[in-house]
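Down below is the structure, laid out as structure tokens.
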Amino acid sequence: MTRTVYVNGDWFDETNARISIFDRSVMFADSVYEVTSFLDGKFLDFDGHIKRLKNSLKALEIEFNVDRDEFLDIHRELIKRNGLDNGTVYLQVSRGAGDRNFVYDNSELKPCLFMFTQTGIVKNLQKMPQLKMISVKEGRWCRRDIKTTQLLYSSLTKTHAHAEGVDDAVYVEDGYLTEATSSNFFIVDRQGTLVTRQLDHSILPGITRGTILELARKNGINVEERLFTLEETYAASEALITSTTNFAAPVLSVDGRKIGDGKPGKVTLRLRELYIEHVKRS
-6 MTRTVYVNGD WFDETNARIS IFDRSVMFAD SVYEVTSFLD GKFLDFDGHI KRLKNSLKAL
54 EIEFNVDRDE FLDIHRELIK RNGLDNGTVY LQVSRGAGDR NFVYDNSELK PCLFMFTQTG
114 IVKNLQKMPQ LKMISVKEGR WCRRDIKTTQ LLYSSLTKTH AHAEGVDDAV YVEDGYLTEA
174 TSSNFFIVDR QGTLVTRQLD HSILPGITRG TILELARKNG INVEERLFTL EETYAASEAL
234 ITSTTNFAAP VLSVDGRKIG DGKPGKVTLR LRELYIEHVK RS
């Protein structure tokens, strides 16, 4: 069964969907995206994703109006047409199509929007991922706070990590950790404090990250948003990642060194439990 996808206001069988080869997302990765999970037909943190989409568009000066209610209707219709209760919706907005030119003129370009569904989230809900990771030198552009489609470095890094027999990689810049290839990264120190890097241009403001921090604070878990080193990570009692598709998932080792006792920690498990409860209530 092929998927039904949405492209610029119309619905297509995925085999018939097309965008221009001159689209700037193709030539310059001049586009932004969001991935929103849905469980039992309900979208998780939808407003957070819409807010971040607007911020990304503004940062890249892509002139595209995002109507929250209209976007929610399209999301709902998309999962209805594909007969899904659980999964994710990927959406992408590019600056549009035009002759290849480093200099853009928004007045001559019409943004391109498309959306499609995926179902991989189901396995992560049924079975919690338990990750082994390596550390890698940060090599992405400096504006990682914008959710652009410039993902080649992370694609190469994650692929190389898999080739080395681990699940993912965490980036290190100037001696401090930033984030993993497609998720935010946390440690739990020996005093039980949840630590993650503060928001700035160096990391993506993860929607799940924000929810996890809020849930932690509301449930008596001490939180610090600050820089932390690889050595602190090795010495931590726990490590974990958060993302739209993984929720909160434990990191058992980094660079072959066990974190804590090399098993999912109690803080991580509690945060995952709290997040799933939050999802069910939303």
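Numbering follows the working numbering, in which position 223 of the sequence shown is assigned residue number 216; successive positions increment by one, without gaps.
Backbone N, C-alpha and C fix where the C-beta goes; we use that ideal spot for every residue, glycine too.
- For ASN177, the uninterrupted beta strand (DSSP E) segment begins and ends at 177 to 181.
- Shown here for ARG183: same chain residues with a beta carbon closer than 8 Å to its own, the five before and five after excluded, namely ALA228, ALA229, SER230 in chain order.
- The count of Cβ pairs closer than 8 Å, one atom from the segment 56 to 68 and one from the segment 35 to 46, reaches three, so the stretches are in contact.
- Within the model, the alpha-carbon separation for LEU144 versus GLN119 is close to 28 Å.
- Per the DSSP secondary-structure output, GLN85 pairs in a beta bridge with TYR26, PHE107.
- Shown here, LYS47 sits in a helix according to DSSP, grouped into three states.
- Under the Cβ criterion (8 Å, minimum of three pairs), the segment 140 to 160 does not count as touching the segment 203 to 212.
- Judged by beta-carbon spacing, ARG265 lies within the 8 Å limit of MET121, meaning their Cβ atoms are closer than that value.
- Residue pairing by DSSP places ASP16 opposite ALA90 in a beta bridge.
- In the pairwise beta carbon analysis, the segment 236 to 256 is classified as not touching the segment 0 to 8: fewer than three pairs are separated by under 8 Å.
- SER24 places its beta carbon 8 Å or farther from that of ARG93.
- Judged by their CB atoms, ILE14 and VAL0 are not nearer to each other than the 8 Å cut-off.
- DSSP lists GLU166, THR222 as the bridge partner or partners of TYR169.
- Contact check between the segment 97 to 106 and the segment 132 to 142: fewer than three CB pairs, one atom from each, fall below 8 Å, which does not count as touching.
- Inclusion of ASN79 and LEU32 in the CB contact set at 8 Å is warranted, their separation being smaller than that value.
- Looking at the DSSP output, MET126 bridges to ASP161, VAL247.
- The Cβ neighbour count for SER30, taken over all protein chains shown within 10 Å, is at least 16; the residue is labelled buried.
- Nearest C-alpha to ASP62 among LEU77, LYS44, THR261, ASN99: LYS44.
- Taking the CA atoms as reference points, GLU224 sits about 48 Å from ALA10.
- Within the DSSP secondary-structure output, PHE5 pairs in a beta bridge with VAL(-2).
- GLY258 has its alpha-carbon roughly 44 Å from the corresponding atom of MET20.
- Annotation: the continuous alpha helix (DSSP H) that includes THR261 extends over 259 to 274.
- In this structure, the beta-carbon distance from TYR83 to TYR26 falls below 8 Å.
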